[in-house]
Amino acid sequence: MKLNLSGLKLKQKFILLNVFLLFVSLLSLSLAIYINQKEYILHQNNVRLQSHLEDMTNLLDLQIKEKQEQVNSALEVAREILQAKGDILQQDSMVVNFSAVNQISKEVQQVSLPAWSAGDVPLQKDFTIVDKIMDLTGQTATIFQKIDDGYLRVSTNVRKLDGNRAVGTFIPNSSEVIKTIERGETFRGRAFVVNAWYVTAYEPIYVN
Numbered sequence: 027m028k029l030n031l032s033g034l035k036l037k038q039k040f041i042l043l044n045v046f047l048l049f050v051s052l053l054s055l056s057l058a059i060y061i062n063q064k065e066y067i068l069h070q071n072n073v074r075l076q077s078h079l080e081d082m083t084n085l086l087d088l089q090i091k092e093k094q095e096q097v098n099s100a101l102e103v104a105r106e107i108l109q110a111k112g113d114i115l116q117q118d119s120m121v122v123n124f125s126a127v128n129q130i131s132k133e134v135q136q137v138s139l140p141a142w143s144a145g146d147v148p149l150q151k152d153f154t155i156v157d158k159i160m161d162l163t164g165q166t167a168t169i170f171q172k173i174d175d176g177y178l179r180v181s182t183n184v185r186k187l188d189g190n191r192a193v194g195t196f197i198p199n200s201s202e203v204i205k206t207i208e209r210g211e212t213f214r215g216r217a218f219v220v221n222a223w224y225v226t227a228y229e230p231i232y233v234n
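For the sequence shown, the tail end lands on 234 under my numbering, and the numbers increase by one without skipping.
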């Protein structure tokens with residue numbers, strides 16, 4: 027018997043080549059499946075993340091809307107409480123002194139303002155009215171008085187970071203709140219208050 031070694035080697039090489047080609051084909055197929063699945067998974071994750079983001083945004087918008095409605099209702103209560111005290115009077119013969127602090131720049135200036143009262147209740151540095159509003163509505167309340175550089179908190183239960191009332195801080199004239207108020211309109215929406223953002227409502231008060 028004659029053994030053809032060259033033919034056997036060629037056959038082995040052919041088998042090895044086929045195995046290699048099969049391996050390459052399987053590897054290419056696996057790679058194609060991996061890339062396709064990766065793109066699908068990434069797409070699905072993006073869809074889920076977008077859906078979660080939209081849900082969170084809708085929830086946040088709903089909470090802001092509900093909070094704004096609460097603040098709007100509190101403003102109506104505040105108006106009724108203030109009106110019940112009587113006309114707001116300005117006593118030009120009496121002044122009240124403040125160290126006025128810009129709530130944005132923190133710059134301080136000394137101001138003297140004519141005394142205000144609602145009926146027989148003084149408004150500056152007296153917290154009877156604002157605390158009653160808070161007791162009835164659960165919302166913070168502030169009474170402002172105009173100064174040259176903005177509007178000064180003369181009575182408030184908004185707190186500074188140290189826990190003290192923010193009496194003597196003022197909103198500068200650059201604020202959208204002030205621009206709205208000085209058009210004689212009521213401002214409603216987000217506004218920076220002393221050291222944080224709040225959902226707010228501001229209504230102009232007219233003396234005499």
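Ideal Cβ placement from N, Cα and C applies to all residues, glycine included. The structure displayed is predicted, hence computed values, not measured ones.
Given residue i as reference, the closest of the options once Cα atoms are compared
i	options	result
residue 227	218, 134, 213	213
residue 121	102, 230, 150	150
residue 209	161, 232, 70, 107	232
residue 131	91, 181, 198, 87	198
residue 184	230, 202, 224, 133	224
residue 165	175, 94, 187	94
residue 192	81, 62, 129, 91	129
Nonlocal neighbours in the same chain, by C-beta distance under 6 Å from residue i, ignoring five residues either side
i	result
residue 27	Because the pLDDT of residue 27 is 45, which lies under 50, any placement of that residue in the model is unreliable, and the question is left without a value.
Beta bridge counterpart(s) of residue i as assigned by DSSP
i	result
residue 140	121
residue 148	143
residue 63	Bridge partners of residue 63: none, in fact.
residue 171	178
residue 195	127
residue 209	Paired residues: none, contrary to the question.
residue 215	226
residue 94	Answer is none; residue 94 lacks a bridge partner.
Same chain only: Cβ atoms within 7 Å of residue i, ignoring 5 sequence neighbours per side
i	result
residue 103	159, 162, 163
residue 135	126
residue 219	184, 226
Cutoff 8 Å; reference residue i; Cβ partners in own chain excluding five residues on either side
i	result
residue 178	124, 126, 137, 139, 170, 171, 172, 194, 195, 196
Three-state secondary structure assigned by DSSP to residue i
i	result
residue 180	strand
residue 163	helix
residue 34	Unreliable placement is indicated for residue 34, whose pLDDT of 49 sits below 50; the coordinate value is still reported in the next sentence. Three-state result, residue 34: helix.
residue 104	helix
residue 127	strand
residue 225	strand
residue 75	helix
residue 231	coil
Beta-carbon spacing of residue i, residue j below 8 Å
i	j	result
residue 146	residue 181	no
residue 101	residue 229	yes
residue 143	residue 115	yes
residue 156	residue 167	yes
residue 222	residue 203	no
Near the ligand ZN: residue i beta-carbon under 7 Å from a heavy atom
i	result
residue 167	The ligand ZN is not part of the structure shown, which contains no ligands of any sort.
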